[in-house]
Ligand SMILES: C[S@@+](CC[C@H](N)C(=O)[O-])C[C@H]1O[C@@H](n2cnc3c(N)ncnc32)[C@H](O)[C@@H]1O
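Numbering (our numbering), first residue to last: 288 to 560.
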């Protein structure tokens, strides 16, 4: 578990929980502090579904990247990439096509600090500290430009990140800026919490989780399928469209389970025509 590695930038406050490190703990990772673990345990006490949901999200990530490589995509811009975990985008994509290039972007310095040593020997992957809400900074970052050729198709991934972007920041306008930088044949993939589909105890538990996250981490912006479609306006969702995570091109019926909507998270992949 994390105390303070020598190379951890001083500006990282390890006494307060961070979204990236709480998520790391929920995935079974070791890059988290007592504050992160305490918050994660509070969430799990409300509902163990939280742990299931983060795994379903990683499984969606794997299926989406696999599908995108199958469409011939070889470049990925993964924004809000998080602390490296099992099954990172470069491992999935380069496992299928060693020529795939992956630029990770996160606004949490610890996510980048952990990615850098992992990627040091990988000429086709990089990690950049930048914020989704500053598209010019992301798109023009020298390390991104050195790796990603924007004259060729790129898949922009924002998985479990957009709920941290407030409506006041105008996510649709920001996404438009990314879309305009991409050539036709590019894609966006998004996963996003939504409590639509939850009922009864499940809904009450989800709301309690939302309140704890909101009070301790950052404001949480839940969105409906229609709101997500507005954010990715100008991209055309590929079948099956915006669906709860287990329903997005599952590998088997067993993956779907009896209540796919209890994932409480939507996934979608959409193409730039
Ligand atoms: C829940 S993790 C998701 C990690 C990974 N995308 C996945 O789905 O497995 C959310 C990540 O988004 C990052 N994040 C939140 N807001 C961001 C922003 N405005 N720009 C870039 N990264 C952001 C957090 O630091 C965190 O690492």
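Using N, Cα and C, we set each Cβ at its ideal position, and we do this for glycine too. From a predicted model like this one, the values you see are computed outputs, not experimental measurements.
{"query": "In chain order, what residues of the same chain lie with their CB nearer than 8 Å to the CB of residue 343, ignoring the 5 residues before and after it?", "result": "532, 533, 550, 552"}
{"query": "Would residue 524 pass as a contact of residue 535 if the rule is Cβ separation under 8 Å?", "result": "no"}
{"query": "Report the option in 352, 425, 482 whose CA atom is closest to the CA atom of residue 415.", "result": "425"}
{"query": "To test your reading of the DSSP string, which unbroken alpha helix (DSSP H) runs of 4 or more residues are found completely within the segment 406 to 479?", "result": "422 to 426, 429 to 434, 458 to 467"}
{"query": "When burial is assigned at 16 or more other CB atoms within 10 Å of the CB, is residue 546 buried or exposed?", "result": "exposed"}
{"query": "Is residue 451 near residue 505, with beta carbons less than 8 Å apart?", "result": "yes"}
{"query": "So, is residue 308 buried or exposed, given that buried needs 16 or more other C-beta atoms within 10 angstroms?", "result": "buried"}
{"query": "Closest to residue 519 by C-alpha separation, out of 465, 421, 311, would be which residue?", "result": "465"}
{"query": "Ignoring anything shorter than 3 residues or poking outside the segment 315 to 372, list the beta strand (DSSP E) runs there in chain order.", "result": "362 to 366"}
{"query": "Identify, in the order they occur along the chain, each residue of the same chain with its Cβ nearer than 7 Å to the Cβ of residue 420, setting aside the five sequence neighbours on each side.", "result": "452, 456, 461"}
{"query": "Mind checking whether the beta-carbon of residue 312 lies closer than 7 Å to any heavy atom of ligand 1?", "result": "no"}
{"query": "From this set, 495, 315, 387, which residue's C-alpha is nearest residue 434's C-alpha?", "result": "387"}
{"query": "State the Cα-Cα distance for the pair residue 340 and residue 323, rounded to the nearest angstrom.", "result": "18 Å"}
{"query": "Could you check whether the Cβ of residue 315 sits closer than 7 Å to any heavy atom belonging to ligand 3?", "result": "Questions concerning ligand 3 fall outside what the structure shown contains, since the ligands it does hold are ligand 1."}
{"query": "Counting along the chain, where does the beta strand (DSSP E) carrying residue 390 start and finish?", "result": "388 to 393"}
{"query": "Grouping DSSP H, G and I as helix and E and B as strand, with all else coil, what is residue 546?", "result": "coil"}
{"query": "Classify residue 505 as helix, strand or coil using the three-state DSSP reduction.", "result": "coil"}
{"query": "Where does residue 500 sit, in a helix, a strand or coil, going by DSSP?", "result": "helix"}
{"query": "For ligand 1, is there any heavy atom lying closer than 7 Å to the beta carbon of residue 398?", "result": "yes"}
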